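Notes to accompany the following structure.
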Amino acid sequence: MDIPVIVTAIFGAFVIFGGVVGYVKAASKASLIAGSITGGLLLLSAFLTAQDSTAGTVLGIIVSLLLLGQFGPSLRKELKLMPNLLIVVLGSITVGSLLAGFFN
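Using my numbering, you'd call the opening residue of the sequence shown number 4 and step up by one each time.
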């Protein structure tokens with residue numbers, strides 16, 4: 004298994020976990036639903052990327068960029084480790100690794 008697949012799968016797992024934590028701590032159904040959907044899409048992306056599917060790579064990049072677009076501005080407003088900083092860092096690493104893997 005190559006690095007982009009592992010990084011994307013880890014990011015997907017963290018996103019799902021974050022959605023569950025948001026639901027448990029704040030009773031936020033939106034966090035649970037959004038975390039499950041985007042995390043699931045990232046896990047699907049990892050699976051497809053492992054099969055050498057360009058669609059998997061593109062899916063992972065798109066979902067990661069959407070999450071960066073959601074959490075990046077929040078990070079600028081308030082520097083919170085969870086979830087803002089973690090999502091921005093992991094999302095950036097995921098996009099970078101997927102792009103590097105795609106162009107190699």
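Positions of the beta carbon are idealized from the N, C-alpha and C atoms, including for glycine. Being a predicted model, the structure only gives us computed values, none of them experimental.
Starting from Pro7, follow the alpha helix (DSSP H) in both directions and report where the run begins and ends.
Segment 6–29, the alpha helix (DSSP H) holding Pro7.
Measure the beta-carbon distance from Thr97 to Gly59 and round it to whole angstroms, keeping in mind my assumption that it falls under 8 Å.
Their Cβ separation, rounded to whole angstroms, is 12 Å, which puts Thr97 and Gly59 out of contact at 8 Å.
Which residue's Cα is closest to the Cα of Leu45: Lys83, Lys28, Ile90?
Closest by alpha carbon: Ile90.
Here's the rule: buried if 16 or more other CB atoms are within 10 angstroms of the residue's CB, otherwise exposed. What is Ile19?
Ile19 is buried by the Cβ-count criterion.
Please report the distance separating the alpha-carbon of Phe17 from that of Val92.
Approximately 12 Å, taken between the alpha carbons.
Relative to the C-alpha of Phe14, which candidate in Gly42, Leu88, Ala103 has its C-alpha closest?
The candidate whose alpha carbon is nearest that of Phe14 is Gly42.
Which residues in the same chain as Val10 place their Cβ atom closer than 7 Å to its Cβ, once the five residues preceding and following it in sequence are excluded?
If we look at Val10 and ignore the five residues flanking it on each side, its Cβ neighbours are Ile96, Thr97, Ser100.
For Lys83, report the span of its alpha helix (DSSP H) as first-last.
Per DSSP, Lys83 belongs to no alpha helix (DSSP H) and is neither H nor E.
Just verifying my parser: in three-state terms, what is the DSSP assignment at Ser56?
Residue state, collapsed to three classes: coil.
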